[in-house]
Each structure stands twice: as C-alpha cells, then as structure tokens.
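J.:
Number of protein chains: 2
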Amino acid sequence: MMAADDAGAKTSLQRGLAILRVLAETDESGPDSGSGMRLTDIARALELTPPTVHRILKTLLDEGMVEADKTTKRYRLSVDFFALAARAGNPGNLRDVCRPIILRLSATLRDTIFLLVRSGFDAVCLDRSEGPVPIRSFTGDIGGRIALGIGQGSISILAFLPEEEREEVIRFNLPRMHGLGFLDEVYLRTEIARVRELGYASRSTGLLPGMAGVAVPILDQQGHAVAAISVGTIAERLNDDRLPVVVDILKREAAGVSRLISPFDPVLRRPASVLGGSGP
Amino acid sequence: MMAADDAGAKTSLQRGLAILRVLAETDESGPDSGSGMRLTDIARALELTPPTVHRILKTLLDEGMVEADKTTKRYRLSVDFFALAARAGNPGNLRDVCRPIILRLSATLRDTIFLLVRSGFDAVCLDRSEGPVPIRSFTGDIGGRIALGIGQGSISILAFLPEEEREEVIRFNLPRMHGLGFLDEVYLRTEIARVRELGYASRSTGLLPGMAGVAVPILDQQGHAVAAISVGTIAERLNDDRLPVVVDILKREAAGVSRLISPFDPVLRRPASVLGGSGP
DNA sequence: CGCCACCATTCCGTATATCGGAAAGAATCG
DNA sequence: CGATTCTTTCCGATATACGGAATGGTGGCG
Numbered sequence: 052m053m054a055a056d057d058a059g060a061k062t063s064l065q066r067g068l069a070i071l072r073v074l075a076e077t078d079e080s081g082p083d084s085g086s087g088m089r090l091t092d093i094a095r096a097l098e099l100t101p102p103t104v105h106r107i108l109k110t111l112l113d114e115g116m117v118e119a120d121k122t123t124k125r126y127r128l129s130v131d132f133f134a135l136a137a138r139a140g141n142p143g144n145l146r147d148v149c150r151p152i153i154l155r156l157s158a159t160l161r162d163t164i165f166l167l168v169r170s171g172f173d174a175v176c177l178d179r180s181e182g183p184v185p186i187r188s189f190t191g192d193i194g195g196r197i198a199l200g201i202g203q204g205s206i207s208i209l210a211f212l213p214e215e216e217r218e219e220v221i222r223f224n225l226p227r228m229h230g231l232g233f234l235d236e237v238y239l240r241t242e243i244a245r246v247r248e249l250g251y252a253s254r255s256t257g258l259l260p261g262m263a264g265v266a267v268p269i270l271d272q273q274g275h276a277v278a279a280i281s282v283g284t285i286a287e288r289l290n291d292d293r294l295p296v297v298v299d300i301l302k303r304e305a306a307g308v309s310r311l312i313s314p315f316d317p318v319l320r321r322p323a324s325v326l327g328g329s330g331p
Numbered sequence: 052m053m054a055a056d057d058a059g060a061k062t063s064l065q066r067g068l069a070i071l072r073v074l075a076e077t078d079e080s081g082p083d084s085g086s087g088m089r090l091t092d093i094a095r096a097l098e099l100t101p102p103t104v105h106r107i108l109k110t111l112l113d114e115g116m117v118e119a120d121k122t123t124k125r126y127r128l129s130v131d132f133f134a135l136a137a138r139a140g141n142p143g144n145l146r147d148v149c150r151p152i153i154l155r156l157s158a159t160l161r162d163t164i165f166l167l168v169r170s171g172f173d174a175v176c177l178d179r180s181e182g183p184v185p186i187r188s189f190t191g192d193i194g195g196r197i198a199l200g201i202g203q204g205s206i207s208i209l210a211f212l213p214e215e216e217r218e219e220v221i222r223f224n225l226p227r228m229h230g231l232g233f234l235d236e237v238y239l240r241t242e243i244a245r246v247r248e249l250g251y252a253s254r255s256t257g258l259l260p261g262m263a264g265v266a267v268p269i270l271d272q273q274g275h276a277v278a279a280i281s282v283g284t285i286a287e288r289l290n291d292d293r294l295p296v297v298v299d300i301l302k303r304e305a306a307g308v309s310r311l312i313s314p315f316d317p318v319l320r321r322p323a324s325v326l327g328g329s330g331p
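Line by line, the protein sequences give chains A and B.
So the first sequence is numbered by this note's numbering: it starts at 52 and just counts up by one.
So the second sequence is numbered by this note's numbering: it starts at 52 and just counts up by one.
1) Could you please give me the residues that DSSP links to residue 126 of chain A through a beta bridge?
2) Spell out a yes or no on whether the segment 175-194 of chain B and the segment 177-195 of chain A are touching, meaning 3 or more CB-CB pairs, one atom from each, closer than 8 angstroms.
3) Per DSSP, residue 165 of chain A forms a beta bridge with which residues?
4) Check the Cβ-Cβ distances between residue 180 of chain A and every residue of chain B, and say whether any is below 8 angstroms.
5) Using 8 angstroms as the limit for Cβ to Cβ distance, is residue 94 of chain B near chain A?
6) Less than 8 angstroms separating the beta-carbons of residue 203 of chain A and residue 265 of chain A?
7) For the beta strand (DSSP E) containing residue 197 of chain B, name the first residue and the last one.
8) Compile a chain-ordered list of the residues in the segment 60-75 of chain B whose CB is closer than 9 angstroms to at least one CB of chain A.
9) Please state whether DSSP places residue 134 of chain B in a helix, a strand or coil.
10) Thinking residue 111 of chain B and residue 117 of chain B are a contact (beta carbons under 8 angstroms), I'd like their distance in whole angstroms, please.
11) Let me see if you follow: with CB-CB separation under 8 angstroms, is residue 240 of chain A close to chain B or not?
12) Keeping to the same chain, check which residues put their C-beta closer than 8 angstroms to that of residue 125 of chain B; ignore five residues upstream and five downstream.
13) Could you check whether residue 269 of chain A and residue 309 of chain A sit closer than 8 angstroms to each other, using their CB atoms as the reference points?
14) Could you spell out the range, first to last residue, of the beta strand (DSSP E) harbouring residue 269 of chain B?
15) DSSP state of residue 149 of chain A, grouped into three classes?
16) Residues of chain B with CB closer than 7 angstroms to the CB of residue 185 of chain A, please, in chain order.
17) Between residue 300 of chain B and the rest of its own chain, which residues show a CB-CB distance below 8 angstroms, the 5 nearest in sequence each way excluded?
18) Between which two residues does the alpha helix (DSSP H) carrying residue 204 of chain B extend?
19) Could you tell me how far apart the beta carbons of residue 312 of chain A and residue 199 of chain A are, in whole angstroms, since I believe they sit closer than 8 angstroms?
20) When DSSP labels each residue in this structure, what does residue 65 of chain A get in the three-state scheme?
21) Between the alpha carbons of residue 278 of chain A and residue 225 of chain B, how many angstroms are there, rounded?
22) So residue 192 of chain B contacts chain A; which residues on that side make the cut at Cβ distance below 7 angstroms?
23) Quick one: grab the DSSP three-state call for residue 54 of chain A.
24) Helix, strand or coil: how does DSSP classify residue 320 of chain B here?
25) Do residue 151 of chain B and residue 168 of chain B have their beta-carbon atoms positioned less than 8 angstroms apart in this structure?
26) Checking contacts by CB at 8 angstroms: is residue 157 of chain B closer than that to chain A?
27) Are the C-beta atoms of residue 170 of chain B and some chain A residue less than 8 angstroms apart?
28) Looking at chain A, which residues of the segment 99-122 of chain B have a Cβ within less than 7 angstroms of any of its Cβ atoms?
29) Can you name the residues that DSSP bridges to residue 276 of chain A?
30) Shortest alpha-carbon distance to residue 215 of chain A belongs to which of A:287, A:251, A:275 and A:252?
31) For a quick check, are the C-beta atoms of residue 223 of chain B and residue 172 of chain B less than 8 angstroms apart?
32) Let me confirm a value: residue 271 of chain A is counted as buried when at least 16 other C-beta atoms fall within 10 Å, else exposed. Which label applies?
33) Assign residue 249 of chain B to one of two classes, buried (16 or more other C-beta atoms within 10 Å of its C-beta) or exposed (fewer than that).
34) Helix, strand or coil: which one does DSSP assign to residue 139 of chain B?
35) Going straight from the alpha carbon of residue 237 of chain A to that of residue 252 of chain A, what length do you get?
Below you can see the structure in the form of structure tokens.
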C-alpha cells in the first residue's frame, strides 16, 4: 500500500524524498504553482516536526535540489532538479531513439506527437513535439501521467500488455477511472479487443470534445507494449481519408523503434527490459 | 556553520542524492545511456562501500525513484523520478505562463522557440516547441544547460543581469568558455554591450554553422533578466528583412510575460491557502 | 568443465547522525 | 504595539546508518 503521505517513512532519505514529492505537488500547474510552500506547511503535510523539516530542507538547499525565496520563506523544487530529471526517463534509450522520429512525425503530419511509456499503472509522457494546431490531451505536458486505459496512447499500451499484467492493471485502474471519465468495464474491454485487433487505437473518446487521436504501441521482442507513439489533433483532421494514412506511417515508425530498442546483447541471456519495476 | 560543507557527503540524504546525480550522468545521451550503472560502479564513483550503496539503493528503489533491471542488476533513474522532476522548474509560474506564448510563437514564426531561465552560472532550457525546420542548438533539449554567455538566449540573460552579478558570472564563466567556444573577454563584453543597447541578441555566433537565432530577455520589475525567449532557426531565415519583424514580435511577448510574473503586491496578499482548495 | 575473481547481498556491533522538545529570534497580524 | 505564528538554533537521548566480515551468485577463463 502506497499512502500518499508516506506515513511509514522512517529514514532521513525517505523524509527528504517525501519533501521533494510534496513540493512537486504544489509546483504543478495551478493558481498557486510556483509560489512554493512554507516550512510549517510541509511539516504539517508530512506530519513531521518543524526542526526536522528545517534540517532536511537545509540539506536539500545545500545540495541544490530545492530553492527558497529568501523574502517569502517559501520553498520549491529548483531548476537544477528539473534539469537533473531531463536526464532520467530514458529507459533502454527509448527517448533518445524516439526523439528524431517524434520530430519527423510532427513535421510531416503537422500534428502533435507524444511518446508515452508505461510506468506502473500509468502512462507517462516522455516526450512530445507540438504541431501547429493547438490541442488538449490527457497527458498534456512532458512528465504528465494518465491511468493506463484512458486516451489512445495509454490504451494502446494497455491492450498489448501480457494478459496477466493487463488484468491486474484493469482491476487496479477501473475504480480510478470512474472518477476521471465514464468508462465502464465492458466498454474498456471492448476497446482493448478492438485495439488488439486493429493494432492501433483511435476514435475520439468524447472525453475531450473536438479532440481526436491515434496511437500505436511500441512492442518489445515478446510482442508486449513498452510504450506508444500517439498523435493528438482535432477531430476533423482524422477523417476516414486521413486516418489510414496516419496509422500506416505510425505503424512503420513503431516497428522501426521495436527493432532498435533492447538490441540483442550476446552477453545477456535476455534482452534488457525497457520496463521499470514501479508497480504495486 | 563551520567548515565541512565540502564535497564529502556525510548524511544519508546527501548520499542518496549523490547516487541520483551519478545515475543521471550515465543516463544522459550516449552510447551506454539507458543501460544504467551497477552497484559497484556507483560505489566506486562516490567512494562509498558496497553495503552502503546497496542499502540506499534499496530505499530509492522502494520509493520508486530508481528502477533496476533484474537480469542485469543495473540501476537507473526511474520514469517516476522523471515525472516528479518534470513538475519542478516552474519558478514563479514562469513555465506555465510562457507555454502558450511559446506555442503561439512557434506556430506563427514556424521556427523553434526556447524558453531559457537562469540557474546559477548557466541558462537552462525550461521549455521548447519545435518548428518544422530541424535545428541544432546549444541547450538542445528541455533541461539542457549552457554557460551564461554562449548562445543568443543565454547571452541576453547575462546582458541584463545586475551589474555585480554580471561581473561575477563573467569571471566564473570565461574559463569555462575557452573550452567550449573561442570567445575572449573583449568579444564577450562587446556583445553584451550590443545586446543591452539593442534589447535583443542575434547574429550567428559561427559556433554552429548555418544556424542562427534571436533572443530577448524577460525582465522582472527591476529590469533584470530572469529568463529569455529564443528563436532558433537556420541562418537564411533570419535575414535583414525578417529579423526586425521577429524581434518586434518577441519583444512584445516578453513584455507581456514581464507583466505577468511575480505580480508583487505590497499589500498583505496571501495567495489563498497553500494547501487549500481543489486538491488533485 | 571446474576453478577463480568479481559482484551483489546479508549480518551485526559500533559509532554517529537524526530526532524533537524547549526556547530564542523574526516576521506578521490585529 | 502587543499577540500570534513561524523560523531557526541548541542539545541530550536514541534510533539509525555505517562498513568490516562473511555468504551466496554469476560470469570469465584457463
């Protein structure tokens, strides 16, 4: 069980990470974002005493992970921390491998392209390149998360997970989805079957009016999804004429990526897994 | 505050962060990127004993900041960590405020737009939106760093720092620059003077052949630079006809941002409640 | 095929960093 | 201008982290 506020944190490292997480929450988009948190607020949120928070914050400050506004005494995650993260999230070179493809696709299709990767029960947006047409999407920005099953890219990953994992994700995510959309289990399973059959996910879910998308999974050697390439655009741009063309291009690119990731290394008995272990 | 602030990490939190940093280094682009590090490599790099590294890695693993490939025993930063830190780097809402502007600019100008922010002696790329023309740049990707003074966006920040800070940065960065480019101090100071006079930085530095850029600083209330908006494109697209137009558009947008950031309200103005309202 | 070398992992006594109550400065509010 | 809330420092008791030593694995090499 993963409580949001880490009631079981015992070590100072865990407390430090908890503080980073709490700061990240207030740094996300919103009216107060960027303004940061005060020491006592952090202490309250994490059920720590002010001296403890103060000491840890001082360390985080010295290490450059956190920055403080000296006048307002408010703490927030630093730009350095942001820059550090840019070097993460590249499992199996996936992001590096896909960047040129993403750029090429958005230039060719003149739509916004997303690279999504699975992380636990979510899909996370690893990269994106905007087309000229502004769109809205579930994952939105780089680093954005969405439950596996919501949105074309996300569902195309879910559809091509190993059956056991797929069931586990569905079990876990259905309750979460009821809050976000109006998907019921029957609909979800129908969609998954369709995606598996077609090899791509499309159609507007109706959750974002006027928006539409297509996505294809990126499969590993075993034919299981590790990621997805997704096109987000307005509904008119995915009509019956254009859709097949886009799908065709996407499938070709995805197949190319499949060949490039986890290149067979004779030393290893198995290809390196692209997936992380951030599951249950 | 005695001495001993030196490189020798003492607390477990510092060691944990050091491990994250070391993992970030090997995760950056390169032939081995994405493959991760082994435990003993980390131990050697940080001059720690294997048991210590093992214990800390276990914590980081439990906390989801690090993921390990079970077969190869290699550790790397997790996608979760990536998602976490992607929420940082939004000082004073700067990124949120600028995103629509970045998108609008890249759609209008059909070039690649960067948002750079100062971090210490560097400029860091906070956001970017690619135009149809592929380009190369110093900062490159989101999260990329470049010494203040190299590149149009970077130098336009440097030029509009308070004089004292500007001198400090120049002193610190000149030695670093000699490795990167061929800038000498006279040239740098000439450029800075020119940028201050014109209010923007342009001209191809010649460091990236065929590439060109224009950038304008984003100023705070005191007229000091906190960030810059930069256009990166190929040299032909910044000829004498187009350059003034682009500069004009950029200046207008930058002025708009200046008004939006840190709306310093001298009266007692607490931004609602920090914990408050619509929690996710 | 089997030995060797290196690596990951566990154990545990010692040493030390961490914790938080108490209280002194700051800032803020009424 | 006094009251309240918050930040920061101090310090002793204690829990936690450390790393040497030993164990279990895994790949490399002869």
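All C-beta atoms, glycine included, are put in the ideal place defined by N, C-alpha and C.
T.: On the basis of the coordinates in this document:
1) For the purposes of this step, residue 126 of chain A is identified with residue 75 of the first sequence, where counting begins at 1. The partner list for residue 126 of chain A (beta bridge, DSSP) reads A:88 and A:119.
2) The segment 175-194 of chain B, when compared against the segment 177-195 of chain A, does touch it at the 8 angstroms Cβ threshold.
3) Here the question's residue 165 of chain A lines up with position 114 in the first sequence. Under DSSP, the beta-bridge partners assigned to residue 165 of chain A are A:179 and A:281.
4) On the first sequence, residue 180 of chain A is found 129 positions in, with the first residue counted as 1. Yes, residue 180 of chain A lies at the interface with chain B (some Cβ there is under 8 angstroms from its Cβ).
5) Here the question's residue 94 of chain B lines up with position 43 in the second sequence. Cβ-Cβ to chain A under 8 angstroms: no for residue 94 of chain B.
6) Within the first sequence, the letter at position 152 stands for residue 203 of chain A. Within the first sequence, the letter at position 214 stands for residue 265 of chain A. Yes, these two residues count as a Cβ contact at 8 angstroms.
7) If you number the second sequence from 1, residue 197 of chain B lands on position 146. Element bounds for residue 197 of chain B: 196-198.
8) Answer set for the segment 60-75 of chain B: 60, 62, 63, 64, 65, 66, 67, 68, 69, 71, 72, 74 and 75.
9) Locating residue 134 of chain B in the second sequence gives position 83, where the first residue counts as 1. If DSSP states are grouped into helix, strand and coil, residue 134 of chain B belongs with the helices.
10) On the second sequence, residue 111 of chain B is found 60 positions in, with the first residue counted as 1. On the second sequence, residue 117 of chain B is found 66 positions in, with the first residue counted as 1. At roughly 4 angstroms, the Cβ-Cβ gap stays under 8 angstroms, so residue 111 of chain B and residue 117 of chain B are in contact.
11) For the purposes of this step, residue 240 of chain A is identified with residue 189 of the first sequence, where counting begins at 1. For residue 240 of chain A, no Cβ of chain B is located within less than 8 angstroms of the residue's own Cβ.
12) For the purposes of this step, residue 125 of chain B is taken as the residue at position 74 of the second sequence. Excluding residues within five positions, the ones whose Cβ falls inside 8 angstroms are 86, 87, 88, 89 and 119.
13) Here residue 309 of chain A refers to the residue found at position 258 when the first sequence is read from its first residue. Here residue 269 of chain A refers to the residue found at position 218 when the first sequence is read from its first residue. The answer is yes: Cβ separation under 8 angstroms.
14) As a first step, residue 269 of chain B must be located in the second sequence, where it is residue number 218. Judged by DSSP secondary structure, residue 269 of chain B falls within the beta strand (DSSP E) whose first and last residues are 262-270.
15) Taking the first residue of the first sequence as 1, we reach residue 149 of chain A at position 98. Looking at residue 149 of chain A - three-state DSSP - the assignment turns out to be helix.
16) In the first sequence, residue 185 of chain A corresponds to position 134, counting from 1. Result: 154.
17) By one-based count along the second sequence, residue 300 of chain B stands at place 249. Cβ neighbours of residue 300 of chain B beyond the five flanking positions: 156, 159 and 160.
18) Here the question's residue 204 of chain B lines up with position 153 in the second sequence. Residues 203-210.
19) Translated into positions along the first sequence, residue 312 of chain A becomes position 261. Translated into positions along the first sequence, residue 199 of chain A becomes position 148. Going by Cβ atoms, the distance from residue 312 of chain A to residue 199 of chain A rounds to 19 angstroms, so no, they are not a contact pair.
20) Residue 65 of chain A sits at position 14 when you count from the first residue of the first sequence. DSSP, reduced to helix, strand and coil, places residue 65 of chain A within a helical segment of the structure shown.
21) As a working note, residue 278 of chain A is residue 227 in the first sequence. As a working note, residue 225 of chain B is residue 174 in the second sequence. Between residue 278 of chain A and residue 225 of chain B, the alpha-carbon positions lie close to 43 angstroms from each other.
22) Here the question's residue 192 of chain B lines up with position 141 in the second sequence. Those are 137, listed as they occur along chain A.
23) Translated into positions along the first sequence, residue 54 of chain A becomes position 3. Low local confidence applies: a pLDDT of 36 at residue 54 of chain A is under 50, so the model's placement there is unreliable, and no value is given.
24) The residue you call residue 320 of chain B lines up with position 269 of the second sequence. Because the pLDDT at residue 320 of chain B is just 23, under 50, the model does not fix this residue reliably, and the point stays unresolved.
25) Taking the second sequence and counting its residues from 1, one reaches residue 168 of chain B at position 117. Taking the second sequence and counting its residues from 1, one reaches residue 151 of chain B at position 100. No, the Cβ-Cβ distance between residue 168 of chain B and residue 151 of chain B is not below 8 angstroms.
26) Start at 1 with the first residue of the second sequence, and residue 157 of chain B comes out as number 106. Yes, residue 157 of chain B counts as interfacial toward chain A.
27) Stepping through the second sequence from its first residue, residue 170 of chain B is reached at position 119. So yes, residue 170 of chain B belongs to the interface.
28) Answer set for the segment 99-122 of chain B: 107, 110, 114, 115, 116, 118, 119, 120 and 122.
29) As a working note, residue 276 of chain A is residue 225 in the first sequence. Beta-bridge partners of residue 276 of chain A (DSSP): A:270.
30) Position 164 of the first sequence, counting from 1, holds the residue named residue 215 of chain A. The residue with the shortest Cα to Cα distance from residue 215 of chain A is A:275.
31) Here the question's residue 223 of chain B lines up with position 172 in the second sequence. Here the question's residue 172 of chain B lines up with position 121 in the second sequence. Against a cut-off of 8 angstroms, the Cβ pair of residue 172 of chain B and residue 223 of chain B comes out as a contact.
32) Numbered from 1 along the first sequence, position 220 holds the residue referred to as residue 271 of chain A. Under this definition residue 271 of chain A is a buried residue.
33) On the second sequence, residue 249 of chain B is found 198 positions in, with the first residue counted as 1. Counting every other CB atom within 10 Å of its CB across the protein chains shown gives residue 249 of chain B a total below 16, marking it as exposed.
34) Indexing the second sequence from 1 puts residue 139 of chain B at position 88. In the three-state scheme derived from DSSP, where H, G and I count as helix and E and B as strand, residue 139 of chain B is classed as coil.
35) Reading the first sequence from its first residue, position 186 is the one you call residue 237 of chain A. Reading the first sequence from its first residue, position 201 is the one you call residue 252 of chain A. A straight-line Cα-Cα distance of about 17 angstroms links residue 237 of chain A and residue 252 of chain A.
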